[in-house]
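1 is the number of the first residue of the sequence shown in full-length UniProt numbering; add one for each residue after it.
Glycine is no exception: its CB is placed at the ideal position from the N, C-alpha and C atoms.
First up is the structure itself, then whatever we jot down about it.
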Amino acid sequence: MPSIFLKDEALDKSPAIVGFEIARYIRQSGKGRVSIFDVVERFKRESWFAWNSFFYGITFLYAVGLIDFEEPYLIVRDVD
Numbered sequence: 001m002p003s004i005f006l007k008d009e010a011l012d013k014s015p016a017i018v019g020f021e022i023a024r025y026i027r028q029s030g031k032g033r034v035s036i037f038d039v040v041e042r043f044k045r046e047s048w049f050a051w052n053s054f055f056y057g058i059t060f061l062y063a064v065g066l067i068d069f070e071e072p073y074l075i076v077r078d079v080d
């Protein structure tokens, strides 16, 4: 079974780190929902950016319950 956490992968491309960067951007935007296109536009020039890293980062945030999807928006879930 393949794993999304690889020991040979660069740490800055791991799903948890990429998810953290995405969550920090959404939090700094001050909005409850952000277009996924705006998020991609913000990060596409970063050294860690690759589509699979971005996808796994968003999947990680969804899996831990921090975001939800409402196409084409990422919705911040209220975490208490």
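Within the same chain, Cβ atoms closer than 7 Å to the Cβ of R42 are found at Y25, the five residues on either side in sequence being excluded.
If you check the CB distance, F54 and V40 come in under 9 Å. Within 10 angstroms of the beta-carbon of G32 lie fewer than 16 other beta-carbons, which makes it exposed.
Within the model, the alpha-carbon separation for R45 versus D68 is close to 25 Å. By the Cβ-count criterion, F60 is buried, with 16 or more other Cβ atoms from all chains shown falling within 10 Å of its own Cβ. Going by DSSP, R24 is part of the alpha helix (DSSP H) stretching over P15 to S29.
Relative to I36, the option among G30, I22 and V18 whose CA is nearest is I22.
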